[in-house]
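Just so it is clear: in the sequence shown, position 69 is 69 by the UniProt record's numbering, and no numbers are missing.
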Amino acid sequence: MEPGAEAAVDAAALRAEWLQLQDTHDFFGLLRRHGASRRQAFRLAGPDLAQRLPIGAAAEALRQAAALALPVMLFVGNRHAIQIHTGPVSRLVDAHGWFNVLDPDFNLHLKEAGVAEIWRVVKPTADGAVTSIELLDARGEAVAMLFGARKPGQPELPAWRALAEGLAAAPLAA
């Protein structure tokens, strides 16, 4: 298969299995089993499970979270490493194409031109639906994932869900 080409995926089967998820970590296995890329799965799942957002949505989500003192979980990684921040963000700075979090215990420098797509995604879990804001690059690879802070066994924060729902026109499945 050529770079950037997508495998044929049974959208109905992908969606059916997606709706049966019990843990957000099971999503990676779902993608593997169906031979789907993250971007492809988002496109095929239906607008109640994955909805494309405007390109500035992640920065807006962080701005709103900061204004509400709402703790977030932010995952940034690649195939070899991942960094996770859990907690509030407060000092947000736009600087020459970079969106920055410049807090005493956490720094993020996001090159906005490197983000090609942003999606609001819902994944069922044993604790209820979990909503994420997911950033993809031009190849469809994950750049970062943003969630409301939570621990296993705890439901998603209602304030996070409301914030995420406010970023797009239509609500997602609950």
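Cβ coordinates follow ideal geometry from the N, Cα and C atoms, glycine included.
{"Item": "DSSP three-state assignment for Gln-64, whether helix, strand or coil", "Value": "helix"}
{"Item": "Pick from Val-72, Leu-108, Ala-113, Val-122 that is closest to His-25, judged by C-alpha positions", "Value": "Val-122"}
{"Item": "Reference residue 194, options Leu-68, Ala-66, Thr-86, Ala-13, closest by Cα", "Value": "Residue coverage of the chain in this structure runs from 1 to 174, which leaves residue 194 outside it and unanswerable."}
{"Item": "Beta-carbon proximity check, Ala-61 vs Leu-163, cutoff 8 Å", "Value": "yes"}
{"Item": "Distance between Leu-70 and Pro-159 (C-alpha atoms, nearest Å)", "Value": "Position check: residue 159 holds Ala in this sequence, whereas Pro was assumed. Spanning the two alpha carbons is a distance of roughly 8 Å."}
{"Item": "Contact check, Pro-68 vs Ile-118, beta carbons under 8 Å", "Value": "A quick correction: the sequence has Leu, not Pro, at residue 68. For Leu-68 and Ile-118, no; Cβs fall outside 8 Å."}
{"Item": "Best match in Ala-8, Leu-21, Ala-138, Ala-41 for proximity to Gly-112 [C-alpha to C-alpha]", "Value": "Note on residue identity: the sequence assigns Glu, not Gly, to residue 112. Checking every option, the nearest Cα to that of Glu-112 belongs to Ala-138."}
{"Item": "DSSP-derived helix/strand/coil call for Ala-142", "Value": "strand"}
{"Item": "Residues that Thr-86 bridges to, as DSSP identifies them", "Value": "Met-73"}
{"Item": "Contacts around Gly-114, its chain only, beta-carbon distance under 7 Å, and the 5 residues preceding and following it disregarded", "Value": "Asp-137, Val-143"}
{"Item": "Ala-45 and Leu-14 closer than 8 Å at C-beta", "Value": "yes"}
{"Item": "Own chain partners of Ile-55 with C-beta closer than 7 Å, once the 5 adjacent residues on each side are dropped", "Value": "Val-115, Ile-118"}
{"Item": "Spatial neighbours of Leu-31 in its chain, beta-carbon cut-off 8 Å, leaving aside the 5 residues before and after", "Value": "Ser-37, Arg-38, Ala-41"}
{"Item": "C-alpha distance - Phe-99 paired with Ser-132, whole-angstrom precision", "Value": "19 Å"}
{"Item": "Cβ neighbours of Glu-156 in the same chain (closer than 7 Å, five flanking residues each side left out)", "Value": "Gly-128, Ala-129, Val-130, Thr-131, Gly-148, Arg-150"}
{"Item": "Integer-rounded CB distance, given that Gln-51 should sit under 8 Å from Ala-126", "Value": "Actually they are not in contact, since the Cβ atoms of Ala-126 and Gln-51 sit about 23 Å apart, beyond 8 Å."}
{"Item": "Asp-23 in three-state terms, based on DSSP", "Value": "coil"}
{"Item": "Beta-ladder partner(s) of Asp-103, from DSSP", "Value": "Phe-106"}
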